[in-house]
Amino acid sequence: MSEEEEIKFQDGDSYEKWMGVWSQLIGDQFLEWLAPQPGKVWADIGCGNGTFTEQIYNAHSPKEIQGIDPSPEQIDFALKRVADPSVAFQLGDAMNLPFESDRFDYATMALVLFFVPDPTVGVAEMIRVTKPGGNISAYVWDVLGGGAPMVNILDQFRVLEIDHPYPPSSEVSQMERLEETWLEAGLEDIETKQISVQRTYENFADYWDLTSRSANVSPILDQLSPDMNERVKKMTQDSLGVDHHESITVNAFANAVKGTV
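Count along the sequence shown from 1, add 3, and you get the number used in the numbering used here.
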């Protein structure tokens, strides 16, 4: 893991192309498990380009959603996503939320908590802005357990001893630590779930074109020589066990947690 490199999300359109389908797949299952009530007020913390916000809006008839994210580029993309005055997006810090206390019925982080420098502070802020009896939830790719969608490429980086970044709070992606974070925050009725999803690509070229754009892969490939790029690509294809024409089904999994204030 590199301490100098940082995973950055500065392009909402690019994020949509490589992560959008994965976000939809995992978000749908998470919301089914969360089973939220309609007509409620939501905080979508680390909303990114608005994918999960849109899923909440389309499936659960919220009264209001407030989405925040530290990236201006992601917020710009999100603002084009849902044209409804009940849905708002703004720049914000997960560890210092721009909301008054006891405002929301649901506060959630979708694929975000491991990017928060201090997850305990982030959870404390979610609790602060949520009404008594409200719900606090999150889900994260299990990046230390091999659950990330781009794990096949990351595995080759490790084999070749190519330094690459992890989210700053990767340990909270593990189920035990995720549950401990909710317990230590004093939340009640805590439940956890591992959510598995699959995505099928037309062929290896389709897989590589999309997955190599991911924010923790693309900057590393850009720093490598053409020969080393080709080596990583060939090793990734070999690890998937497919030729150039076969379709590819890739598995990923995330750990989820929910609790009551």
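The beta-carbon is built from N, C-alpha and C at its ideal position, and this holds for glycine as well.
These numbers were taken from a predicted model, which means no experiment stands behind them.
Rounded to the nearest whole angstrom, the CA to CA distance from Thr111 to Ile48 is 6 Å. Asp145 counts as buried, since no fewer than 16 other beta carbons sit within 10 angstroms of its beta carbon.
Its chain contains Ala81, Arg84 as the residues whose beta carbon lies nearer than 6 Å to that of Gly53, once the 5 sequence neighbours on both sides are disregarded; these appear in chain order. If you draw a straight line from the Cα of Ala38 to the Cα of Asp209, it comes to about 34 Å.
The Cβ-Cβ distance between Ile156 and Val253 does not fall below 8 Å.
For Phe160, the uninterrupted alpha helix (DSSP H) run begins and ends at 154-162, by DSSP. Considering only Asn232, Ser217, Ala218, the residue with the shortest C-alpha distance to Leu224 is Asn232. Residue pairing by DSSP places Val143 opposite Asn258 in a beta bridge.
If you ignore the 5 residues before and after Ser250, its C-beta comes within less than 7 Å of the C-beta of Thr203, Tyr204, Glu205, Asn206, all in its own chain and listed in chain order. Excluding residues up to 5 positions away in sequence, Gln58, Ile59, Ala62, His63 lie with their Cβ nearer than 8 Å to the Cβ of Leu34 in the same chain.
By the neighbour-count definition (other C-beta atoms within 10 Å, threshold 16), Ser104 is an exposed residue. Judged by DSSP secondary structure, Gly125 falls within the alpha helix (DSSP H) whose first and last residues are 122-132. Straight through space, the alpha carbons of Lys196 and Gln40 are spaced by roughly 19 Å. By the Cβ neighbour-count rule, Pro170 is buried, with 16 or more other Cβ atoms within 10 Å of its own.
Cβ atoms of Ala46 and Gln69 come within 8 Å of each other, at about 5 Å. If you draw a straight line from the Cα of His247 to the Cα of Leu213, it comes to about 15 Å. Pairing Val264 with Ile130 gives a Cβ-Cβ distance under 8 Å. Secondary structure in the stretch 190-216: the beta strand (DSSP E) runs of 3 residues or longer, each lying completely within the stretch, are 191-204 in chain order. In this chain, the beta strand (DSSP E) harbouring Met112 covers 107-113. Apart from the 5 residues on each side of it in sequence, Val245 sits with its Cβ closer than 6 Å to the Cβ of Phe207, Ile251 in its chain, given in chain order. Cβ contact annotation for Ser217 (same chain, cutoff 6 Å, sequence separation greater than five): Trp21, Met153, in chain order. Counting other Cβ atoms within 10 Å of its Cβ, Lys237 stays below 16 and is therefore classed as exposed.
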